[in-house]
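With the numbering used here applied, the sequence shown has no gaps in its numbers, which climb one by one up to 324 at the end.
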Amino acid sequence: ALALAGAPCLPARAQSIQLGTPIRFGILPIGGTVDSRNGWAPVLAELGQAIGRPVTLLSATSYDMLEQALRRDEVDMAFLSGKMALDAVMQRGMRVIAQVARHDGLPGYRATLLARSGGPVPSLDAVLANPGKWRLARGEKRSLSGFIVPKLELFLPRGIDIETSFAGGAVGTHQQTALAVANGEAELATNNTADFERFNLVFPAEAARLTVLWQSDLIPHGAIVIRRGYDGALRERVQQFFWQYGRGRGRRAEQQRQTLKGLHDFAGFPAADNRALIPVARLTHKLELDSARSAQWIDEAARQARLARIDSEYAEQLRALQAE
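Here you go:
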């Protein structure tokens with residue numbers, strides 16, 4: 001059975017030995033909270049049946065909300081974007097069991113910068129030449145496509161601070177940032193190709209008002225993680241369920257494929273391990289290095305000490321991710 005709730009239960013260690021205890025599955029809002037909850041509900045209902053344990057759903061309204069739930073041990077399994085998945089593995093006792101695949105077959109998606117078609121922003125060059133003239137709606141700091149990648153690839157190399165250089169704006173989900181530009185509440189918005197496809201389906205009139213000024217390199221897809229406290233047999237059953245979901249022939253497989261299509265146009269959940277997060281670790285490492293190099297320091301020794309610490313932490317991340 002599936003209960004749409006996010007109430008805390010027993011500690012994860014106790015859950016691993018009490019077979020009837022619900023598994024609590026956390027998700028980020030894709031599009032919106034209601035859309036995410038409705039999209040994942042049939043998947044998790046079938047997961048509960050496949051493993052013989054109830055699965056409850058926590059549909060978070062923000063990255064911070066889900067991060068707090070992870071920190072308080074209120075989530076046992078989750079679908080997370082790359083940076084949150086990396087933090088969950090390194091800091092929250094989780095491990096990767098699957099990664100998302102989409103219909104286009106690409107190993108990732110791209111961050112974008114949106115503006116209004118025929119609006120006040122004439123070009124990307126105009127944005128970069130005078131960022132203080134424009135309002136920017138962006139994602140939260142843990143969002144790869146909404147914050148980290150635009151900062152790393154577009155703004156930081158040009159000396160633009162994504163948080164302070166613009167005239168104002170707002171922080172929200174990709175749906176909210178796109179709507180902000182479409183409705184004239186901001187001139188610019190960070191977004192991504194996958195979310196914008198979904199936005200076109202749900203808000204076609206608003207999407208028609210928008211244009212893409214910039215696209216990033218490919219960003220790795222999100223991952224499904226599970227607590228290390230669960231025994232190997234349960235973990236393997238969960239991983240097998242996700243790997244098989246939407247595969248094969250027959251009415252059930254076709255229904256599952258329709259569910260996947262409604263879930264951000266997913267194509268499936270191929271098996272993966274922590275090594276899938278190495279590209280994410282590489283991205284965040286580069287961002288931290290670039291940020292440290294461009295920051296103000298009391299002296300060069302302090303800067304070099306910070307850079308050395310960033311490199312050391314990155315090396316430890318790689319060792320941990322490759323150890324699985």
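Heads up, the beta-carbon is just placed ideally off N, CA and C, and yes, glycines get one too.
- CA-CA distance, R71 to I226, rounds to 14 Å.
- Judged by DSSP secondary structure, Y109 falls within the beta strand (DSSP E) whose first and last residues are G108 to R116.
- For D217, the uninterrupted beta strand (DSSP E) segment begins and ends at L210 to P220.
- Under the three-state reduction of DSSP output, R142 falls in the coil class, being neither helix nor strand.
- Listed in chain order, the alpha helix (DSSP H) elements of length 4 or more contained wholly in the stretch 52 to 87 are 63 to 71.
- For A223 and I27, the gap between their C-alpha atoms comes out near 11 Å.
- In this structure, A167 sits near G132, with a CB-CB distance shorter than 7 Å.
- In the displayed model, Q99 falls within a strand according to three-state DSSP.
- Leaving aside the five residues that flank A208 on each side, the residues in its chain whose CB is nearer than 8 Å to its CB run, in chain order, S117.
- The Cβ-Cβ distance between L210 and A182 falls below 7 Å.
- L106 sits exposed, since fewer than 16 C-beta atoms from the chains shown fall within 10 Å of its C-beta.
- Here K286 has L152 as same chain residues with Cβ atoms under 7 Å from its own Cβ, once five neighbours each way along the sequence are excluded.
- If you draw a straight line from the Cα of S312 to the Cα of P150, it comes to about 25 Å.
- Comparing C-alpha distances from R95 to each of W297, V238 and R282 shows the shortest one belongs to V238.
- Nearest C-alpha to N192 among L113, W134, R102 and Q256: L113.
- Secondary-structure assignment with DSSP links R37 through no beta bridge to anything.
- Under the 8 Å Cβ criterion, the stretch 41 to 57 counts as touching the stretch 233 to 253, having at least three qualifying pairs.
- From the listed residues R282, V202, L213 and P54, the smallest Cα separation to P122 is found for L213.
- DSSP places L307 within a helical segment (H, G or I) once states are collapsed to three.
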